[in-house]
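K.L.:
Next up is a structure, given as structure tokens.
Number of protein chains: 2
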Amino acid sequence: MVQLQISVYIAVSLDGFIARENGSLDWLSVVQGTGSEDYGYRAFMDTIDTVVIGRNTYDTVLGFGEWPFKGKRVIVLTSRPLAPKHGETTHSGELQPLLQALGKLSARRIYLDGGTSVRRGLAEGLVDDLILSWIPILLGRGRPLFGGDIPESGWRLSTAKSFPSGVVQASYRRSPE
Amino acid sequence: MVQLQISVYIAVSLDGFIARENGSLDWLSVVQGTGSEDYGYRAFMDTIDTVVIGRNTYDTVLGFGEWPFKGKRVIVLTSRPLAPKHGETTHSGELQPLLQALGKLSARRIYLDGGTSVRRGLAEGLVDDLILSWIPILLGRGRPLFGGDIPESGWRLSTAKSFPSGVVQASYRRSPE
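The listed protein sequences correspond, in order, to chains A and B. Under the working numbering, residue 664 is the last one in the first sequence; the count climbs by one each step, no gaps. Under the working numbering, residue 664 is the last one in the second sequence; the count climbs by one each step, no gaps.
Right under this line is the structure:
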């Protein structure tokens, strides 16, 4: 079978939230200065050919104005209708069948984005790389990154770095069983 | 008023747990090698004169055999009876009155230990320093560090480092309002 590499790159508060309860990402502004620091996002995206993204995150991204996934194959995880604006397709249900289909379409490096999608990927044991960027804030409440039916798993630290803004970013690779 | 400094030094899984659901800390063994690396614990403890510790964590610590708080004033947060073995005293209810009393007893640097205690300290806005050591494991389930009634708060990164075991440790200082 084709070897796919599935990566998660996500910002999280110190207490594990990826958005406020209403979905707002305004709190990320504490680490967004002049825009010259992108926390390795562009370099990461350059390695990616396919984006698998949850519906909520997709809708949020559409609101950004500029489409950040130009030149990438994009699959939105949703069971609701969607009017593709940039050639997106949709998928619902488990990730494994989607990945098998993507492998046949010569996908190799997949970016799994959005809380529900990440949890599903972890629940199915499909995530190879986990890049966490901890934002120096306690939100207290919000939408959690983890939780649900994620099984225990071990990870190996690849790199760790910190930024003047106070972001701590660590990259982990799934440990072999 | 006397200036107390209240610090939290705690290990947490990548998904924010400090113990399994049954209280077990066995998963910390993935980063405990020959025992030569203590992740700065001794150096941190050398700065501490007083330990304020939750009852569950205290009971766990008693089970370790050796008492790790020799020479420190220790206050156990509990409303249940306790037979002091090392001169411990107890306190129940809010932390603020305890801290005022401790200030009069010339306490200066306080180590706040245990999930419930840390959450209470954060809820009361009393924590000055937060030292988090992320263990490279997803537990999936367990006793969470955060949650409950913690208000939003901003933090400044002081130091960040990683260890060969994969531990990422970051020290934060509470941002002024």
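All C-beta atoms in this analysis are idealised placements derived from N, C-alpha and C, irrespective of residue type, glycine included.
From this set, Ile562/B, Gly602/B and Ala657/B, which residue's C-alpha is nearest histidine 573/B's C-alpha?
P.N.:
In the second sequence, counting from the first residue as 1, residue 573/B sits at position 86. For the residues Ile562/B, Gly602/B and Ala657/B, the minimum Cα distance to histidine 573/B belongs to Ile562/B.
K.L.:
Using beta carbons (cut-off 8 Å, strictly below), is tyrosine 665/B in contact with chain A?
P.N.:
Residue 665/B is absent from the model: chain B starts at 488 and stops at 664.
K.L.:
So is glutamate 639/A in contact with chain B if we call contact Cβ pairs under 8 Å?
P.N.:
Counting from one through the first sequence, the residue named residue 639/A turns up at place 152. With 8 Å as the cut-off, glutamate 639/A counts as an interface residue toward chain B.
K.L.:
Which ranges would you report for the alpha helix (DSSP H) in the region 526-551 of chain A if only whole runs of at least 4 residues count?
P.N.:
Entirely contained in the region 526-551 of chain A, the alpha helix (DSSP H) runs reaching 4 residues are, in chain order, 528-533 and 542-549.
K.L.:
Against chain B, which members of the region 637-662 of chain A pass a CB distance test of less than 7 Å?
P.N.:
Ile637, Pro638, Glu639, Ser640, Gly641, Trp642, Arg643, Leu644, Ala647, Ser649, Gly653, Val655, Ala657 and Tyr659
K.L.:
For the beta strand (DSSP E) holding valine 614/B, just list the boundary residues, first then last.
P.N.:
Residue 614/B sits at position 127 when you count from the first residue of the second sequence. First-last for valine 614/B: undefined, no H or E at that position.
K.L.:
Glutamine 599/B and glycine 612/B look like a contact to me (Cβ under 8 Å); what is the Cβ gap, rounded to whole Å?
P.N.:
As a first step, residue 599/B is located in the second sequence; it is residue number 112 there, counting from the start. As a first step, residue 612/B is located in the second sequence; it is residue number 125 there, counting from the start. According to the sequence shown, residue 599/B is leucine rather than glutamine. Rounded, the Cβ-Cβ distance is 13 Å, inconsistent with contact.
K.L.:
Looking at the structure shown, is lysine 648/B part of a helix, part of a strand, or coil, going by DSSP?
P.N.:
The sequence position of residue 648/B within the second sequence is 161, counting from 1. DSSP places lysine 648/B in strand when its eight states are reduced to three.
K.L.:
Measuring CB to CB, does glutamine 492/A end up less than 8 Å from aspartate 616/A?
P.N.:
Taking the first residue of the first sequence as position 1, residue 492/A is located at position 5. Taking the first residue of the first sequence as position 1, residue 616/A is located at position 129. Their beta carbons are under 8 Å apart, which means glutamine 492/A touches aspartate 616/A by this criterion.
K.L.:
If you follow the beta strand (DSSP E) that alanine 506/B is in, where does it begin and where does it stop?
P.N.:
Along the second sequence, one-based indexing puts residue 506/B at 19. It spans 504-506 - the beta strand (DSSP E) in which alanine 506/B sits, taken as one unbroken run.
K.L.:
Which residues in the same chain have their Cβ closer than 6 Å to the Cβ of isoleucine 618/A, if we skip the five residues on either side of it in sequence?
P.N.:
Residue mapping note: residue 618/A aligns to position 131 of the first sequence, counting from 1. Contacts found: Tyr496 and Ser658.
K.L.:
Determine, using beta carbons only, whether leucine 625/B and valine 499/B come nearer to each other than 8 Å.
P.N.:
Taking the second sequence and counting its residues from 1, the one referred to as residue 625/B is at position 138. Taking the second sequence and counting its residues from 1, the one referred to as residue 499/B is at position 12. No, they are not a contact pair.
K.L.:
For tryptophan 642/A, which residues does DSSP report across the bridge?
P.N.:
As a position in the first sequence, residue 642/A is number 155, starting the count at 1. Looking at the DSSP assignment, tryptophan 642/A forms a beta bridge with Arg661/A.
K.L.:
Check the Cβ-Cβ distances between aspartate 502/A and every residue of chain B, and say whether any is below 8 Å.
P.N.:
The sequence position of residue 502/A within the first sequence is 15, counting from 1. It does: the Cβ of aspartate 502/A has a partner Cβ on chain B nearer than 8 Å.
K.L.:
Starting from the Cα of asparagine 543/B, find the closest Cα among Ser620/B, Ile505/B and Glu524/B and give me that residue.
P.N.:
On the second sequence, position 56 is the one that residue 543/B refers to. Minimum Cα distance to asparagine 543/B is reached at Ile505/B.
K.L.:
Listed in chain order, which residues of the region 623-636 of chain A have Cβ atoms closer than 9 Å to some Cβ of chain B?
P.N.:
Residues are counted here when their Cβ sits less than 9 Å from a Cβ of chain B; for the region 623-636 of chain A these are Pro623, Ile624, Leu625, Leu626, Gly627, Arg628, Pro631, Leu632, Phe633, Gly634, Gly635 and Asp636, given in chain order.
K.L.:
Using a 10 Å radius around the Cβ and a threshold of 16 neighbouring Cβ atoms, would you call tryptophan 621/A buried or exposed?
P.N.:
By one-based count along the first sequence, residue 621/A stands at place 134. With 16 or more Cβ atoms within 10 Å of its Cβ, tryptophan 621/A is classed as buried.
K.L.:
Could you work out which residues of chain B lie near valine 517/A, taking near to mean beta carbons separated by less than 7 Å?
P.N.:
Position 30 of the first sequence, counting from 1, holds the residue named residue 517/A. What valine 517/A touches in chain B: Gly641.
K.L.:
Can you grab the Cα-Cα spacing for the pair phenylalanine 556/B / threonine 576/B, in whole Å?
P.N.:
By 1-based counting over the second sequence, the position of residue 556/B is 69. By 1-based counting over the second sequence, the position of residue 576/B is 89. Their backbone Cα atoms lie some 13 Å apart in a straight line.
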